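Contents: one structure, followed by commentary.
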Amino acid sequence: MSSSSPLLYHGAKIILILRLLSGLQYDVTSDHLLQCASGFIMASCKKGKAILYIYIYIYIYIYIYIYIYVNGSVGFDLWRRISFHNLRPESLCELYVSDKCGSDQDGDGTEQKPFKTPLKALMFAGKEPFPTVYVDSQKEEERWAVISKTQMKNAKKAFNREQMKSDSKEKKEAEDTERREKNLEDAKKIMIEKDSSLPEPEVKIQHLEPKRGQRVKVFGWVHRLRRQGRNLMFVVLRDGTGFLQCVLSDKLCQCYNGLMLSTESTVALYGTVTPVPEGKQAPGGHELHCDFWELVGLAPAGGIDNILNEESDVDVQLNNRHMMIRGENVSKILRVRSAVMQCFREHFFSSGYYEITPPTMVQTQVEGGSTLFNFNYFGEEAYLTQSSQLYLETCIPALGDTFCIAQSYRAEQSRTRRHLSEYTHIEAECPFITFEDLLSRLEDLVCDVVERVLKSPAAQLLYDINPNFKPPKRPFRRMNYTEAIEWLREHDVKKDDGSYYEFGEVDVLMPNVGEIVGGSMRIWDSEELLEGYKREGIDPTPYYWYTDQRKYGTCPHGGYGLGLERFLTWLLNRHHIRDVCLYPRFIQRCRP
Numbered sequence: 000m001s002s003s004s005p006l007l008y009h010g011a012k013i014i015l016i017l018r019l020l021s022g023l024q025y026d027v028t029s030d031h032l033l034q035c036a037s038g039f040i041m042a043s044c045k046k047g048k049a050i051l052y053i054y055i056y057i058y059i060y061i062y063i064y065i066y067i068y069v070n071g072s073v074g075f076d077l078w079r080r081i082s083f084h085n086l087r088p089e090s091l092c093e094l095y096v097s098d099k100c101g102s103d104q105d106g107d108g109t110e111q112k113p114f115k116t117p118l119k120a121l122m123f124a125g126k127e128p129f130p131t132v133y134v135d136s137q138k139e140e141e142r143w144a145v146i147s148k149t150q151m152k153n154a155k156k157a158f159n160r161e162q163m164k165s166d167s168k169e170k171k172e173a174e175d176t177e178r179r180e181k182n183l184e185d186a187k188k189i190m191i192e193k194d195s196s197l198p199e200p201e202v203k204i205q206h207l208e209p210k211r212g213q214r215v216k217v218f219g220w221v222h223r224l225r226r227q228g229r230n231l232m233f234v235v236l237r238d239g240t241g242f243l244q245c246v247l248s249d250k251l252c253q254c255y256n257g258l259m260l261s262t263e264s265t266v267a268l269y270g271t272v273t274p275v276p277e278g279k280q281a282p283g284g285h286e287l288h289c290d291f292w293e294l295v296g297l298a299p300a301g302g303i304d305n306i307l308n309e310e311s312d313v314d315v316q317l318n319n320r321h322m323m324i325r326g327e328n329v330s331k332i333l334r335v336r337s338a339v340m341q342c343f344r345e346h347f348f349s350s351g352y353y354e355i356t357p358p359t360m361v362q363t364q365v366e367g368g369s370t371l372f373n374f375n376y377f378g379e380e381a382y383l384t385q386s387s388q389l390y391l392e393t394c395i396p397a398l399g400d401t402f403c404i405a406q407s408y409r410a411e412q413s414r415t416r417r418h419l420s421e422y423t424h425i426e427a428e429c430p431f432i433t434f435e436d437l438l439s440r441l442e443d444l445v446c447d448v449v450e451r452v453l454k455s456p457a458a459q460l461l462y463d464i465n466p467n468f469k470p471p472k473r474p475f476r477r478m479n480y481t482e483a484i485e486w487l488r489e490h491d492v493k494k495d496d497g498s499y500y501e502f503g504e505v506d507v508l509m510p511n512v513g514e515i516v517g518g519s520m521r522i523w524d525s526e527e528l529l530e531g532y533k534r535e536g537i538d539p540t541p542y543y544w545y546t547d548q549r550k551y552g553t554c555p556h557g558g559y560g561l562g563l564e565r566f567l568t569w570l571l572n573r574h575h576i577r578d579v580c581l582y583p584r585f586i587q588r589c590r591p
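Just so we're aligned: 109 in numbering that gives the first Met the number 0 is position 110 of the sequence shown, and the numbers increase by one with no gaps anywhere.
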């Protein structure tokens, strides 16, 4: 046999597959490409070793082609006919198995990476005749020995059982598919009709209780779905305001859309709001007995479960945060977050504060340059704000007590459960106050907001998430830095790294979270401020507008900043701060 014979053999094999694929005639373009590839192979077979690269290239191309173009049972059969098992090279004449150091997950059957079980080796080979299987030798001077006839016989039996299971499974799946397709065809003939003479007021789920006994129309997402036989289906509907159990029967669940319905699909349900029977439970104490429904948007079968579940890796959950927030626990947290922000605003407004909306693109720094996010602002260097303190200070001569709820940004390199690169910053500035006044305002802020939350509808959600929550008691214990450090050591309170606190860096500490509020009396003397610029090596030029506050009617004043996410982490007893964010941002996480 000439040296080119094996090349021609492999080339002919590929061409046969290409012809088979092109015979499917999915489109003219793909057929033309395959014909060209066939000619290219035959021309290359005469060029010696070059065929090796052509062979690899075309083989990969075939698999990509099948993946993209071939569907259904024909494509599956074709895939099996040209898979690596059925076209395994002649050199696959031996496989290695080691009970001591092998792995059925990571092994490839070589001496270096043996399989753990003979069954895996046979499954890898795919079909008879099987290659020679080597196992751990019983002799000390030998590493490998050919598998015994008894072991091989048992392995073949196991292999045949697996093959039968696979064939049986495929047969059952084919029968199920055929049955389902027939049911769907029959379902297309079933029509449901809407009675236009009946009332259909659109109502949110949270407002359904006064509508008991009346017919309503409710929009929402299918949160849960349970089919009971052919004639009954239970749907738990979600619309953002609550959950509603809905009952569909007979034609409503036998029609085509009824068979195709899946979780996360959007629907419009029409029916009568009915109290649940005594001894039964349902959200709100009632359910919707449907007489008609419409499919608004069909979701893929399986809904969110196709993407993630509670056991999914943290990165998978974060990558699919847009789906995670649809879950009951996360949506509860977001509802509490909304209520807490409302309570903060109510606290400030009831105390006579004005809310301002400061810029978040700035050319000054507040917390130091190492945590600044910088960007090009039309040819000038600018930053994302670290704090709105300076802008709040400029407002107090015009508005008095002021506050803002805005995003702040820190280029934190810390990988802890308490740090974010973007967070919601609640800040306030107050003129003509003393340090004692500032402490009193901080205490009142925390306690009053908690009291407001506990009086709001969100209180039940809070206790659902954190059943053991206890509101803080007034007055807060006040101590200087030295006393605080001693108290922390006495009570064995440590930092995240396990070391003790050495410097008093915060104003308000909360259990399991640490600092949630930082505040101080501000420098209000012009000379002292200029000296501070000089000491810190800061160019005062960009801060001219801030310095002017000390020239044109200065006054003693103080303020504070509270991180909403840390406050919520404490309030809801969450382990990680990312749990209370809509879309958390931290180092190496800026999506979705």
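All C-beta atoms, glycine included, are put in the ideal place defined by N, C-alpha and C.
Since we're looking at a predicted model, the values are computed, not measured.
Which residue from the options puts its Cα closest to that of residue i?
i, options, result
"T546", "R336, L389 and L581", "L389"
"A120", "V217, R577, D103 and L243", "D103"
"I189", "N328, I324 and D249", "D249"
"S387", "K216, V335, N373 and Q362", "Q362"
"M451", "R476, S337 and G557", "The sequence shown places Arg at residue 451, rather than the Met named in the question. For the residues R476, S337 and G557, the minimum Cα distance to R451 belongs to S337."
"A541", "A298, V215 and A381", "Rather than Ala, the amino acid found at residue 541 in this sequence is Pro. Answer by Cα proximity: A381."
"S196", "R214, R573, D175 and C554", "R214"
"R573", "P466, I522 and I432", "P466"
"V449", "L437, P430 and R473", "R473"
"G270", "A281, E277, G284 and L251", "L251"
"K187", "Q253, G278 and F585", "Q253"
"Q162", "D491, V335, L231 and K126", "K126"
"R237", "Y255, Q548, G212 and E263", "E263"
"I515", "F468, D400 and F566", "F566"
"G239", "Q548, R226, R476 and F218", "F218"
"D443", "F475, L307 and F468", "F475"
"V507", "F242, E177, L437 and Q364", "L437"
According to DSSP, which residues form a beta bridge with residue i?
i, result
"Y422", "S407"
"A381", "F374"
"F613", "This structure cannot speak to residue 613, because the chain is shown only from 0 to 591."
"L94", "V132"
"T273", "E286"
"G517", "G560"
"F402", "E354 and A427"
"R588", "F585"
Whose C-beta lies closer than 8 Å to the C-beta of residue i among residues of the same chain, with five residues either side of it excluded?
i, result
"P510", "W569"
"D76", "At D76 the pLDDT is 42, less than 50, meaning the model places this residue with poor confidence; the figure from the coordinates comes in the next sentence. For D76, where only same-chain residues beyond five positions count, there are no Cβ hits under 8 Å."
"T28", "Bear in mind that a pLDDT of 42 at T28, under 50, signals an unreliable position, so the model cannot answer this."
"E199", "R214, V215, K216 and Y269"
"F650", "No answer is possible for residue 650: it lies beyond the span of the chain, which begins at 0 and ends at 591."
"T370", "Q385, R409, A410 and E411"
"I324", "S330, L333 and L581"
If I follow the unbroken alpha helix (DSSP H) through residue i, where does it start and stop?
i, result
"E489", "Y480 to E489"
"C245", "Element bounds for C245: not the alpha helix (DSSP H) but the beta strand (DSSP E), F242 to S248."
"V335", "E327 to S349"
"A124", "P117 to A124"
"A397", "Q388 to L398"
"D447", "F434 to K454"
"L260", "From DSSP, L260 is part of no alpha helix (DSSP H); its letter is neither H nor E."
"N551", "The sequence as given places Tyr at residue 551; Asn does not occur at that position. First-last for Y551: undefined, no H or E at that position."
"V315", "V313 to N318"
Along the chain, where does the beta strand (DSSP E) that runs through residue i open and close?
i, result
"W523", "Element bounds for W523: n/a, residue is neither H nor E."
"V234", "L231 to R237"
"H556", "H556 to G562"
"A298", "Premise fails: A298 is in no beta strand (DSSP E) and is neither H nor E."
"V145", "W143 to V145"
Can you list, in chain order, the residues of its chain whose CB lies under 7 Å from that of residue i, leaving out five sequence neighbours each side?
i, result
"E564", "L419, Y422, T423, I576, V579 and C580"
"K331", "L460, D463 and I464"
"V234", "V221, L224, C245 and L247"
"K193", "F291"
"C403", "E354, I355, T356, P357, S387, L391 and E426"
"G503", "Because the pLDDT at G503 is just 40, under 50, the model does not fix this residue reliably, and the value given afterwards should be weighed accordingly. The residues are Y480, A483 and I484."
"K46", "In this predicted model, K46 has a pLDDT of only 47, less than 50, meaning its place in the structure is not dependable; the value taken from the coordinates is given anyway. So the list is empty, once near-sequence residues are dropped."
"N305", "P299"
"D26", "Because the pLDDT at D26 is just 42, under 50, the model does not fix this residue reliably, and the point stays unresolved."
"L258", "N182, L183 and A186"
"K457", "The sequence given here has Ala at residue 457, not Lys. Excluding sequence neighbours, A457 sits near R334, V335 and A338."
Quick one: is residue i near chain C, going by C-beta distance under 8 Å?
i, result
"R211", "Going by chain labels, chain C is absent from the structure shown, which holds only one protein chain."
Give every residue of the same chain whose Cβ lies closer than 6 Å to the Cβ of residue i, excluding the five residues on either side of it in the sequence, and list them in chain order.
i, result
"G22", "In this predicted model, G22 has a pLDDT of only 46, less than 50, meaning its place in the structure is not dependable; the value taken from the coordinates is given anyway. Result list for G22: empty, nothing under 6 Å."
"F347", "F402"
Can you list the beta strand (DSSP E) stretches of 3 or more residues lying completely in the region 157-229, in chain order? 214-226
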